[in-house]
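Here's the structure, in structure tokens; my notes come after.
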Amino acid sequence: MTVSGVLEILERGGGFLRDPARSFAPSRQDVFVPAALIQRFQLISGALVSGSARPERQGLRLDNVELICGLEPEAFRERASFTKLTATNPDRRFRLGTEGNVSTRIIDLFAPIGRGTRGLIVSPPKAGKTQLLEELATAILADAPDTSVIVLLVDERPEEVTHFRRKVSAEVLASSSDQSLEDHVQLATMCMATVRCELMCGRHVVVLVDSLTRMGRAFNSYGSDSGRTMSGGLDSRALEIPRKFFGMARNVENGGSITVLATALIETGSRMDDMIFEEFKGTGNSEIVLDRALAEQRVFPAISIAKSGTRRDELLYSKADIDAINRLRRHALGLPPKQAILELRKALEQWPTNEELLKHVG
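Quick note on the UniProt record's numbering: the sequence shown kicks off at 1 and runs consecutively.
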């Protein structure tokens with residue numbers, strides 16, 4: 001019989017094909033992949049493997065590989081390894097300013113997202129970060145249907161998981177707050193392996209993560225065993241995998257790209273959360289900062305124009321557009337934050353696309 005799934009290689013040798021529809025959670029229905037087959041086809045964790053399997057006493061066993069990540073086995077063997085890919089600055093923008101959504105249009109102006117962007121969404125509680133992720137996923141899918149969009153929810157409220165699966169057309173990989181630490185860690189690790197594998201095969205992938213904070217907490221509680229605990233109870237090696245996850249975002253020269261947009265929580269009253277944020281602060285090439293004061297006044301999107309921005313944004317816009325955006329930014333910074341957002345919303349209602357707005361400002 002024909003089977004397919006994402007390979008997870010186990011430490012003891014061999015592996016199993018996990019089902020992305022179940023967020024890679026182990027199941028009795030998973031197909032066993034023997035170590036000999038892994039060596040023969042040079043398979044790696046995260047690879048989407050299709051082939052034929054035969055039943056055995058303990059379940060299905062893979063006995064032949066037909067496709068790996070949609071490629072013939074020989075083509076997969078010839079892929080460039082992740083470490084040999086040349087990373088460059090993002091130079092192709094996701095055009096989020098053509099739809100009617102105010103949040104994504106403001107981001108497109110003041111913190112543009114390109115293929116390969118490593119973006120941090122910094123948010124206090126109840127500032128609208130979950131809604132923002134949903135809107136970003138929808139806008140990116142509308143602009144770039146050839147891009148694979150994944151929403152990764154780690155240790156999330158069960159109702160939020162259901163909401164995302166019903167509202168967003170993207171692939172949703174999730175572990176809810178009633179699952180074990182091992183489930184959270186396995187999900188994050190498998191998602192990272194899958195996305196890296198897609199990049200090595202030349203694909204474009206966007207991953208929206210909610211949140212790096214909960215991912216960091218999960219890895220810290222799961223145990224990294226360094227024997228060294230920092231302030232807030234954070235183990236010195238707890239963020240090793242979350243840092244690799246965030247750091248895998250890149251635009252590959254003459255190849256694919258990984259875009260990671262991940263939330264980080266601040267002002268929660270937890271010293272550990274502050275430490276996790278500090279570990280990621282400045283490691284991205286884009287930051288979208290949400291403002292608690294605006295959110296408390298029910299002014300949305302609660303985006304801080306002063307604190308949000310993208311490095312090397314001149315590669316994503318023409319010089320004329322950059323000049324117009326800088327004029328808009330200077331005008332906004334001369335106003336109180338609430339008034340700036342309200343005026344900006346009024347301008348966006350007047351001009352249906354960002355392109356028209358920038359032509360008017362220019």
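Where a beta carbon is used, it is the ideal one built from N, C-alpha and C, also for glycine.
Query                                                                                                                                                                                        : Result
Should A174 go down as buried or exposed, given a rule of 16 or more other Cβ atoms within 10 Å for buried?                                                                                  : buried
Run through DSSP, which three-state label would S148 get?                                                                                                                                    : strand
Note down the Cα distance separating V195 from L43, rounded to an integer number of angstroms.                                                                                               : 15 Å
If you follow the alpha helix (DSSP H) that A332 is part of, which residue opens it and which one closes it?                                                                                 : 319-333
Going by DSSP in three states, D183 sits in which element: helix, strand or coil?                                                                                                            : helix
Just confirm the distance between the C-beta atoms of A264 and L181, as a whole number of angstroms; I'd bet it's less than 8 Å.                                                             : Not quite, the Cβ-Cβ distance comes to about 20 Å (not below 8 Å), so this is no contact.
Which runs of the beta strand (DSSP E) at least 3 residues long sit entirely within the UniProt domain "Rho RNA-BD" (1-72)? Give them in chain order.                                        : 2-9, 15-18, 31-33, 48-56, 59-68
Distance, Cα to Cα, S52 vs R79?                                                                                                                                                              : 23 Å
Is the closest heavy atom of the ligand MN to the C-beta of F164 under 7 Å?                                                                                                                  : With respect to the ligand MN, the structure shown offers nothing to examine, as it has no ligands at all.
Put T98 into one of helix, strand or coil per three-state DSSP.                                                                                                                              : coil
Starting from the C-beta of T353, find all residues in its chain whose C-beta is less than 7 Å away, skip the five residues before and the five after it, and write them out in chain order. : G97, T98
For I87, which residues in the same chain have their Cβ closer than 7 Å to its Cβ, ignoring the five residues on either side in sequence?                                                    : It should be pointed out that residue 87 corresponds to Ala in this sequence rather than to Ile. Once the five neighbours on either side are set aside, the close Cβ partners of A87 are R250, N251, V252.
Check each candidate in A324, L290, L153, D91 and name the one with the smallest Cα separation from G255.                                                                                    : D91
Are at least three pairs of beta-carbons, each pair with one atom in the segment 289-308 and one in the segment 323-343, less than 8 Å apart?                                                : yes
Using the rule of at least 16 other Cβ atoms within 10 Å of the residue's Cβ for burial, across every protein chain shown, is P337 buried or exposed?                                        : buried
Given a cut-off of 8 Å, decide if L328 and V361 are closer than it, judged by their beta-carbon atoms.                                                                                       : yes
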